[in-house]
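Participant: In terms of this note's numbering, the sequence shown opens at residue 23 and continues consecutively.
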Amino acid sequence: MRALILVVSLLAVSACAPRRFAPDDRDAIAALLAAQAGAWNHGDLEGFMAAYAHDDALVFTSGGEIHRGWQTTHDRYLERYRAADARSEMGTLAFEVIEIRELGVDGAIALGTWTLTQTPKAGTGVFTLALSRTADGWRIVHDHTSVRAAK
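1. At a threshold of 7 Å, does LEU151 count as lining the ligand PLP (C-beta to nearest heavy atom)?
2. Beta-carbon separation of MET112 and GLY65 under 8 Å?
3. Name the DSSP bridge partner or partners of ALA152?
4. Would you mind stating whether LEU55 and VAL119 have Cβ atoms separated by less than 8 Å?
5. Quick check on the burial criterion: 16 or more other C-beta atoms within 10 angstroms. Buried or exposed for ALA39?
6. Can you grab the Cα-Cα spacing for the pair VAL127 / SER84, in whole Å?
7. I'd like the span of the beta strand (DSSP E) that includes ALA61, first residue to last.
8. Rounding to the nearest angstrom, what Cα-Cα distance links THR167 and TYR99 in this structure?
9. State buried or exposed for LEU133, treating a residue as buried only when at least 16 other CB atoms are found within 10 Å of its CB.
10. Taking C-alpha atoms, which residue in THR150, HIS76 and THR114 lies nearest to THR158?
11. Return the CA-CA distance between ASP78 and TRP62, expressed in angstroms with no decimal places.
12. I need the straight-line Cα distance from ASP172 to ARG41, nearest angstrom please.
This is how it looks when you write it as structure tokens:
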């Protein structure tokens, strides 16, 4: 009986322990970004957009402009990369994640570089992503992407 009480007590205490940002969270964020690049490289815009929080609070900044909302972001990508052969228009995307820093238990910032090749829209630049832990896992809630100026 004492053993049962001890086990139940330990389970209750561990269940009440605060959740922490863990190495698994960094791995999950890195996997999310790898899946996003993979979807892009297969011409799968919907798969690429799945990394973003699907709500009106999403912020996307690029080219000196600020855009709000998942649908607005989706439509901008669709307009820019719409073609009979979307795969060739989209090219090949690679991310290099430089760092993932925690912002509390349910938030993180990812800093990295992106390179887009094999398309007339080729380029390279940097990104800073704010991510939030959601019921669906980690999602991008704020994306600030810039293009590196040609030298």
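Backbone N, C-alpha and C fix where the C-beta goes; we use that ideal spot for every residue, glycine too.
Facilitator: If we stick to the structure as given:
1. Annotation note on the ligand PLP: not contained in the displayed structure, which lists no ligands.
2. Yes, Cβ-Cβ distance for MET112 and GLY65 is below 8 Å.
3. ALA152 is bridged to ILE131 and HIS164.
4. Contact check for LEU55 against VAL119 passes: the beta carbons are separated by less than 8 Å.
5. Unreliable positioning characterises ALA39 in this predicted model, as indicated by a pLDDT of 48, which lies under 50. The coordinate reading is nonetheless provided below. With fewer than 16 other CB atoms across the displayed protein chains lying within 10 angstroms of its CB, ALA39 is exposed.
6. Their Cα atoms are separated by approximately 28 Å.
7. Bounds of any beta strand (DSSP E) do not take in ALA61; it lies within the alpha helix (DSSP H) bounded by 45-63.
8. About 13 Å.
9. LEU133 comes out exposed.
10. The sequence given here has Asp at residue 158, not Thr. The candidate whose alpha carbon is nearest that of ASP158 is HIS76.
11. If you take the alpha carbons of ASP78 and TRP62, they lie about 22 Å apart.
12. This sequence places Ala at residue 172; Asp is not what is there. Cα to Cα, ALA172 sits roughly 44 Å from ARG41.
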